[in-house]
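Asks: Protein chains in written order, with numbering that gives the first Met the number 0: chain Z, 0 to 108; chain Y, 0 to 82. C-beta atoms are modelled at their ideal positions from N, C-alpha and C, and glycine is treated no differently. The following block contains the structure, expressed as C-alpha cells.
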Amino acid sequence: MSWREVLATVLLVAGCALELLAVLGLVAMRSTLDRVHYVGLAAFGALLVAAAILVRESFSLIGDKALLTGALLVLFGPVLVHTTARSVRIREHGDWRHQIERHAEEEGE
Amino acid sequence: MNEWELVAAILAPALLVCGAVCALASPADGLVALELAGTITTTVLMLLAEGLRRQPFIDLAVVFAVLSLVGALVIARLLEHDL
Chain Z
0 MSWREVLATV LLVAGCALEL LAVLGLVAMR STLDRVHYVG LAAFGALLVA
50 AAILVRESFS LIGDKALLTG ALLVLFGPVL VHTTARSVRI REHGDWRHQI
100 ERHAEEEGE
Chain Y
0 MNEWELVAAI LAPALLVCGA VCALASPADG LVALELAGTI TTTVLMLLAE
50 GLRRQPFIDL AVVFAVLSLV GALVIARLLE HDL
C-alpha cells in the first residue's frame, strides 16, 4: 500500500466521520440555531472527501472537479448558514430594521 | 465493494434521517435538514464517481452542489414570511 493510498483512506474516513457527526448533531440538538451549525461541519467533511479523491487521482479531470465541489461547499456554506439563521430570526421575532426605524421615530418625537 | 463504495453506502442512510427531520420537524428545522442532505448527496455522488470510475457522476456532483445551494437560499428567503 503506497503512502498515497494510506493518506486517501485517512482523509476518506475523516470526511465520512465528520458528515456522520453532522447528522448526529442535527438529530441531537433541540433548537434550529443549534442545528444550523452542523451544515458547515458537513461541508468540511465533503472537502476532506474531495481531498481524498485528489490525493488518489492527482490533478486529473475527476480530481479537479472534486476539489471544485468541495471548495464550493466550504466557501458558500457560511453564506447559507447566515441566510438561514437570518430567516429564522425574522420569522420568530420580526424584521429588526423596522424595529430600529420605529425606535428612531419615537426618539425623534 | 471498494472503500469508496463502502463509505457511500454508510452515508446514504443518513439521507433518510435528514428526510425524517424534514417531514416531522418545523419548516425551519426542515430547511436545515435539507441543506445537510444536499451536502451529503454531493459527497455520495463524488464517492460513487471515484468508486465506480464513472466520470459523469462527478459532473452531477458539481451541478447538484450549485443547485442545492441556490435552492436552499431561495427557500430561506421564502421562509422569512411566506412558509
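Nearest CA to the CA of residue 73 (chain Y): which residue from Y:61, Y:54, Y:34?
Replies: It is Y:34 whose Cα lies nearest to the Cα of residue 73 (chain Y).
Asks: Tell me which residues share the same chain as residue 20 (chain Y) and place their Cβ nearer than 7 Å to its Cβ, disregarding the 5 neighbours each side in the sequence.
Replies: Once the five neighbours on either side are set aside, the close Cβ partners of residue 20 (chain Y) are 28, 29, 32.
Asks: Near residue 10 (chain Z), which residues of its chain fall below 6 Å by C-beta distance, leaving aside the five closest residues on each side in sequence?
Replies: Cβ neighbours of residue 10 (chain Z) beyond the five flanking positions: 47, 50, 51.
Asks: How far does the alpha helix (DSSP H) with residue 54 (chain Z) in it reach, from first residue to last?
Replies: Here the alpha helix (DSSP H) through residue 54 (chain Z) covers 36-56.
Asks: Over what stretch of residues does the alpha helix (DSSP H) that includes residue 28 (chain Y) continue unbroken?
Replies: Here the alpha helix (DSSP H) through residue 28 (chain Y) covers 26-51.
Asks: Quick one: is residue 45 (chain Y) near chain Z, going by C-beta distance under 8 Å?
Replies: Closer than 8 Å to some Cβ of chain Z, the Cβ of residue 45 (chain Y) qualifies, so yes.
Asks: Please check the pair residue 38 (chain Z) and residue 73 (chain Z), which I expect to be a contact at CB under 8 Å, by giving their CB distance rounded to whole angstroms.
Replies: Not a contact, Cβ separation roughly 11 Å.
Asks: Starting from residue 79 (chain Y), follow the alpha helix (DSSP H) in both directions and report where the run begins and ends.
Replies: Neither: residue 79 (chain Y) is in no alpha helix (DSSP H) and is coded neither H nor E.
Asks: Assign residue 99 (chain Z) to one of two classes, buried (16 or more other C-beta atoms within 10 Å of its C-beta) or exposed (fewer than that).
Replies: Exposed, because fewer than 16 other Cβ atoms sit within 10 Å of the Cβ of residue 99 (chain Z).
Asks: How should residue 56 (chain Y) be labelled, buried or exposed, when 16 other C-beta atoms within 10 angstroms of its C-beta is the threshold for buried?
Replies: The residue is buried, with at least 16 neighbouring Cβ atoms inside 10 Å.
Asks: Cα-Cα, which of Y:66, Y:54, Y:22, Y:7 is closest to residue 16 (chain Z)?
Replies: Looking at the Cα atoms, Y:7 is the closest of the given residues.
Asks: What residue does the alpha helix (DSSP H) around residue 29 (chain Z) start on, and which one ends it?
Replies: Premise fails: residue 29 (chain Z) is in no alpha helix (DSSP H) and is neither H nor E.
Asks: If you draw a straight line from the alpha carbon of residue 18 (chain Z) to that of residue 63 (chain Z), how long is it in whole angstroms?
Replies: Their Cα atoms are separated by approximately 22 Å.
Asks: Since residue 13 (chain Y) contacts residue 12 (chain Z) with CB under 8 Å, what's their CB separation in whole angstroms?
Replies: So it is not a contact: roughly 15 Å between Cβ atoms.
Asks: Against chain Z, which members of the segment 5-18 of chain Y pass a CB distance test of less than 8 Å?
Replies: If the cut-off is 8 Å between Cβ atoms, the segment 5-18 of chain Y has 6, 9, 10, 13, 16, 17 near chain Z.
Asks: Do residue 75 (chain Z) and residue 78 (chain Y) have their beta-carbon atoms positioned less than 8 Å apart in this structure?
Replies: It is not a contact, given that the beta carbons lie outside the stated cut-off.
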